[in-house]
Amino acid sequence: MDKFTVARTLDEIGRYLALTESNPFKSRAFDRAARAIEALDADVAKLVASGEIKNVSGIGKATAEIVAEIINTGSSTYLEELRAQFPPGIFDLLRIPKLGLKKIGQLYAELGIASIDALEEAARNGQIAKLKGFGPKTAQQILGGVEFARQRQSKFLLPRGIEAGERIRMLLADIAEIEDAEVSGSVRRRLEICRNVNIVVATKKLESVLAKLPDILDGLEMLDEQTAKGTTGRDIEVRLHFTTPAEFGAELLRTTGSEEFVSAFGKIPKGRTEQDVFEKRHIAFVEPERREDASELSRKKRVRLVQASDLRGTFHVHTTFSDGRNTMHEMLSAAKERGYEYVGISDHSKSAYYAGGLTEDRLREQHAEITAQEKAVKPMRVFRGTEADILGDGSIDYGPDTLRKFDFVIASVHSQFQMQKDQMTERILRALDDPSVTFLGHMTGRRLLTRDGYTFDYDRVFERAGERGVMIEINGNPQRLDIDWRLVKRALDRGVVFSIHPDAHSISEYNAMITGTWAARKAGLTKKEIFNARGLDEVAEFLAARRKNRTAGL
DNA sequence: GCCGTTTTCGGCCCGACTGTTTTCAGTCG
Numbered sequence: 010m011d012k013f014t015v016a017r018t019l020d021e022i023g024r025y026l027a028l029t030e031s032n033p034f035k036s037r038a039f040d041r042a043a044r045a046i047e048a049l050d051a052d053v054a055k056l057v058a059s060g061e062i063k064n065v066s067g068i069g070k071a072t073a074e075i076v077a078e079i080i081n082t083g084s085s086t087y088l089e090e091l092r093a094q095f096p097p098g099i100f101d102l103l104r105i106p107k108l109g110l111k112k113i114g115q116l117y118a119e120l121g122i123a124s125i126d127a128l129e130e131a132a133r134n135g136q137i138a139k140l141k142g143f144g145p146k147t148a149q150q151i152l153g154g155v156e157f158a159r160q161r162q163s164k165f166l167l168p169r170g171i172e173a174g175e176r177i178r179m180l181l182a183d184i185a186e187i188e189d190a191e192v193s194g195s196v197r198r199r200l201e202i203c204r205n206v207n208i209v210v211a212t213k214k215l216e217s218v219l220a221k222l223p224d225i226l227d228g229l230e231m232l233d234e235q236t237a238k239g240t241t242g243r244d245i246e247v248r249l250h251f252t253t254p255a256e257f258g259a260e261l262l263r264t265t266g267s268e269e270f271v272s273a274f275g276k277i278p279k280g281r282t283e284q285d286v287f288e289k290r291h292i293a294f295v296e297p298e299r300r301e302d303a304s305e306l307s308r309k310k311r312v313r314l315v316q317a318s319d320l321r322g323t324f325h326v327h328t329t330f331s332d333g334r335n336t337m338h339e340m341l342s343a344a345k346e347r348g349y350e351y352v353g354i355s356d357h358s359k360s361a362y363y364a365g366g367l368t369e370d371r372l373r374e375q376h377a378e379i380t381a382q383e384k385a386v387k388p389m390r391v392f393r394g395t396e397a398d399i400l401g402d403g404s405i406d407y408g409p410d411t412l413r414k415f416d417f418v419i420a421s422v423h424s425q426f427q428m429q430k431d432q433m434t435e436r437i438l439r440a441l442d443d444p445s446v447t448f449l450g451h452m453t454g455r456r457l458l459t460r461d462g463y464t465f466d467y468d469r470v471f472e473r474a475g476e477r478g479v480m481i482e483i484n485g486n487p488q489r490l491d492i493d494w495r496l497v498k499r500a501l502d503r504g505v506v507f508s509i510h511p512d513a514h515s516i517s518e519y520n521a522m523i524t525g526t527w528a529a530r531k532a533g534l535t536k537k538e539i540f541n542a543r544g545l546d547e548v549a550e551f552l553a554a555r556r557k558n559r560t561a562g563l
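This note's numbering puts the first residue of the first sequence at 10, with every later residue one more than the last.
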């Protein structure tokens with residue numbers, strides 16, 4: 010039983026209490042207890058056994074008993090009781106924007122609504138507009154939200170596509186009559202949002218393969234003689250393209266797309282591998298990520314795009330000092346295990362109250378903790394940083410004296426997203442003028458399938474970032490993948506350097522370095538344009554020089 | 001529900017925004 014299982018149970022209790030309880034602090038107490046459990050460096054079961062669990066701040070009498078029960082039995086009777094009061098799936102309603110737990114609780118209590126379909130019905134027939142605290146505008150908003158959630162349902166983020174594609178491919182590979190199978194389509198192109206998973210299947214015995222497919226995909230149907238469609242997991246559409254081994258490469262190229270690329274490629278000759286097909290046409294191989302349009306087809310030589318293994322270290326890592334779920338010790342150890350030469354810790358700054366941003370006092374504690382831990386991870390170097398809020402007026406959170414203490418500063422917008430374009434542009438430009446700023450964090454602010462980024466003049470920002478030597482982050486969080494790879498060329502032309510960061514809030518989120526690298530490849534970046542593809546000495550020297558300049562007030 | 005003490009109740013991470021209100025509640029970050 011690991012601490013995260015315990016924390017998840019407490020979180021779920023907290024979520025149910027937010028539906029039922031009029032006192033919001035009771036629900037929040039469970040959230041806080043969950044965070045307290047996550048922040049433990051010690052083994053939860055041992056703390057329970059010794060009774061020390063009650064000494065953990067945020068864990069009281071009631072939560073200590075629940076934690077003990079989870080450790081001893083694997084579940085919580087309190088949670089089971091709460092679950093029994095509501096239909097399963099009631100939390101699906103959270104997918105509707107502007108619907109939170111309070112309103113969902115009210116909708117269920119007064120109208121028995123526990124599904125998106127029921128919600129839509131009640132919004133249409135006027136029941137919702139009549140509820141206290143709701144009204145015609147809210148009802149209208151909900152209908153828009155239902156539409157939004159449904160549209161989104163048929164799309165999914167890249168990691169789900171990769172996972173589903175690889176799983177199906179392995180199952181297909183177990184079928185004796187299948188000679189080869191490979192994922193193609195937008196997943197292979199590493200597009201951040203996908204609509205379906207395409208897989209090319211090479212076989213000489215289509216009939217017997219088709220007979221075995223119902224074990225692998227649900228709702229199977231043939232779109233034509235060479236194409237089957239079905240679903241997997243939570244309604245991910247999968248398309249299988251059947252071909253012969255002799256034409257496998259050609260079919261892989263054709264179904265990888267994009268349409269624009271394939272059309273510009275022209276006649277596709279037969280070929281067992283894609284490489285064969287490119288060679289027959291005397292075209293230099295174009296990486297799948299770079300096939301969104303025809304622009305790469307004219308190159309004389311294959312470009313070696315940046316790879317995850319080129320990255321020597323990373324920045325933008327959170328810990329339990331702010332809103333991370335793993336401790337400093339755990340995050341540093343995990344970075345070292347990944348073979349990094351350096352890691353830059355950057356918890357939130359003091360204005361980010363909602364994310365547990367660090368006051369100056371907490372910052373001192375954090376630096377002391379780094380000092381205590383960094384010896385253990387040698388020779389990996391630990392850089393002291395912050396993800397500082399760009400405040401509404403463009404100033405950087407923390408005063409100059411505090412900012413001087415950091416090896417690096419990631420400046421990010423976390424508030425007032427709906428600012429007018431001109432004002433937002435000035436805000437970000439002013440932040441770039443601050444000599445303490447090293448990186449511009451998640452530049453567009455987009456959350457894929459959730460919200461668009463904020464509005465500002467990208468080119469003016471690129472121009473200024475280039476002038477000031479501020480690097481732009483490629484945030485690898487699959488929900489962000491920000492800066493959008495489509496914008497990278499424009500920044501590159503103005504001399505901007507990029508850095509691939511995980512924005513990790515837990516050990517497992519270091520995996521965002523891989524998604525981030527895909528985004529960098531999609532943008533056509535090579536390792537010479539990536540800051541954290543440089544070795545420790547070079548990076549340390551760069552940061553030290555920048556720090557010296559800013560101390561001198563240059 | 002948890003915490004702290006100027007202990008056994010009153011506060012609980014803050015601010016912008018929106019729609020519902022006529023003074024506030026819920027959501028979002």
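Note that beta-carbon positions come from the ideal geometry of N, C-alpha and C, so glycine has one too.
Task: Assigned exposure category for His423 - 16 Cβ within 10 Å defines buried - done: Locating residue 423 in the first sequence gives position 414, counting from the first residue. With 16 or more Cβ atoms within 10 Å of its Cβ, His423 is classed as buried.
TODO: Tell me whether the beta-carbon of Phe257 lies closer than 8 Å to the beta-carbon of Val209.
DONE: Translated into the one-based positions of the first sequence, residue 257 becomes position 248. Translated into the one-based positions of the first sequence, residue 209 becomes position 200. Against a cut-off of 8 Å, the Cβ pair of Val209 and Phe257 comes out as a contact.
Open item on the list: When you compare the CB positions of Ala343 and Ile523, do they come within less than 8 Å of one another, or not?
Closed with: Working through the first sequence from its first residue, we reach residue 343 at position 334. Working through the first sequence from its first residue, we reach residue 523 at position 514. No, they are not a contact pair.
Task: DSSP bridge partner residues for Lys238 (one or two, in chain order) - done: Reading the first sequence from its first residue, position 229 is the one you call residue 238. DSSP lists Glu230 and Arg248 as partners of Lys238.
- [ ] Report back the beta-carbon spacing between Val497 and Leu534 to the nearest angstrom; my notes put them in contact at under 8 Å.
- [x] Indexing the first sequence from 1 puts residue 497 at position 488. Indexing the first sequence from 1 puts residue 534 at position 525. That pair is a contact at about 7 Å.
- [ ] Compute the Euclidean distance between the alpha carbons of Glu383 and Lys12, then round it to the nearest angstrom.
- [x] Within the first sequence, the letter at position 374 stands for residue 383. Within the first sequence, the letter at position 3 stands for residue 12. Each residue's alpha carbon lies about 24 Å from the other.
Open item on the list: Quick check: the stretch 274-282 against the stretch 231-239, are at least 3 beta-carbon pairs closer than 8 Å?
Closed with: no
Task: Distance between Glu201 and Arg311 (C-alpha atoms, nearest Å) - done: By 1-based counting over the first sequence, the position of residue 311 is 302. By 1-based counting over the first sequence, the position of residue 201 is 192. Their Cα atoms are separated by approximately 23 Å.
Task: Where the beta strand (DSSP E) containing Tyr407 begins and where it ends - done: As a first step, residue 407 must be located in the first sequence, where it is residue number 398. From DSSP, Tyr407 is part of no beta strand (DSSP E); its letter is neither H nor E.
- [ ] Determine the direct distance from the alpha carbon of Gln488 to that of Gln284, and round the result to whole angstroms.
- [x] Taking the first sequence and counting its residues from 1, one reaches residue 284 at position 275. Taking the first sequence and counting its residues from 1, one reaches residue 488 at position 479. Distance between the alpha carbons of Gln284 and Gln488: 33 Å.
Task: Residues bridged to His357 [DSSP beta-bridge criterion] - done: In the first sequence, counting from the first residue as 1, residue 357 sits at position 348. Beta-bridge pairing links His357 to Glu396.
Task: Check whether Ser360 and Leu400 have beta carbons under 8 Å apart - done: Start at 1 with the first residue of the first sequence, and residue 360 comes out as number 351. Start at 1 with the first residue of the first sequence, and residue 400 comes out as number 391. The answer is yes: Cβ separation under 8 Å.
Open item on the list: If the criterion is Cβ atoms closer than 8 Å, does the pair Phe540 and Phe507 meet it?
Closed with: Position 531 of the first sequence, counted from the start, is the residue given in the question as residue 540. Position 498 of the first sequence, counted from the start, is the residue given in the question as residue 507. Yes, the pair counts as a contact, with Cβ atoms nearer than the cut-off.
TODO: Please state whether DSSP places Gly23 in a helix, a strand or coil.
DONE: Here residue 23 is taken as the residue at index 14 of the first sequence, counted from 1. Three-state DSSP puts Gly23 in a helix.
Task: Backbone CA spacing between Met337 and Ala51 [nearest angstrom] - done: Numbered from 1 along the first sequence, position 328 holds the residue referred to as residue 337. Numbered from 1 along the first sequence, position 42 holds the residue referred to as residue 51. Between Met337 and Ala51, the C-alpha separation is close to 13 Å.
TODO: Tell me whether Asp468 sits in a helix, a strand or coil according to DSSP, three-state version.
DONE: Within the first sequence, residue 468 is the residue found at index 459, counting from 1. Here Asp468 sits in helix by DSSP.
Task: Closest residue to Ala255 among Thr236, Thr282 and Leu222 (Cα-Cα distance) - done: Taking the first residue of the first sequence as position 1, residue 255 is located at position 246. Out of Thr236, Thr282 and Leu222, Thr282 has the C-alpha closest to the C-alpha of Ala255.
TODO: Could you spell out where the alpha helix (DSSP H) holding His338 opens and where it closes?
DONE: The sequence position of residue 338 within the first sequence is 329, counting from 1. Note, His338: alpha helix (DSSP H), Met337 to Glu346.
- [ ] Specify the secondary structure class of Tyr351 as computed by DSSP and reduced to three states.
- [x] One-based indexing of the first sequence puts residue 351 at position 342. Three-state result, Tyr351: strand.
Task: Candidates Pro106, Leu110 and Asn64: closest to Gly23 by CA position - done: By 1-based counting over the first sequence, the position of residue 23 is 14. Nearest C-alpha to Gly23: Leu110.
TODO: Following the continuous beta strand (DSSP E) through Val192, name the residue where it begins and the one where it ends.
DONE: Taking the first sequence and counting its residues from 1, one reaches residue 192 at position 183. Where Val192 is concerned, the enclosing beta strand (DSSP E) stretches over Ile187 to Ser193.
Open item on the list: Quick check: Val505 and Ala474, are their CB atoms within less than 8 Å of each other?
Closed with: As a first step, residue 505 must be located in the first sequence, where it is residue number 496. As a first step, residue 474 must be located in the first sequence, where it is residue number 465. Yes, they are a contact pair.
Open item on the list: Can you tell me which residues form a DSSP beta bridge with Asp491?
Closed with: In the first sequence, counting from the first residue as 1, residue 491 sits at position 482. Asn484.
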